[in-house]
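Since the structure comes first, as structure tokens, the remarks are kept for the end.
Numbering (our numbering), first residue to last: 14 to 105.
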């Protein structure tokens, strides 16, 4: 998902695909994540995803191949519902 997509478009996409969060990627680089929690009370549906997403600097991530215990620990520690699975090249 591009950071330049509107909140309305992201809501349509997530509803159509029955998903609750997507990575935000710019030129092949992960720049954030947007989830239902970010969008739940948003009233400016023509605003950009970049204005409501969790930016890369605040993301909780695990590398591909992380074990379930590590992932569950991060979810609990940070009180979040999703953790982004990345490889080094996508988070540079």
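Ideal Cβ positions, reconstructed from N, Cα and C, are used throughout, including at glycine.
- The alpha helix (DSSP H) runs of length 4 or more contained entirely in the segment 43-99 are, from start to end of the chain, 49-52, 81-91.
- In the DSSP assignment, residue 25 falls within the unbroken alpha helix (DSSP H) covering 20-30.
- Of the other Cβ atoms in all chains shown, 16 or more fall within 10 Å of the Cβ of residue 72; this residue is therefore buried.
- Excluding the 5 residues flanking it on each side, residue 55 has same chain C-beta neighbours closer than 7 Å at 20, 65, in chain order.
- The C-beta distance from residue 38 to residue 47 rounds to 11 Å, too long to fall under 8 Å, and the pair is not in contact.
- Around the beta carbon of residue 60, a 10 Å sphere encloses fewer than 16 other beta carbons of the protein chains shown; the residue is thus reported as exposed.
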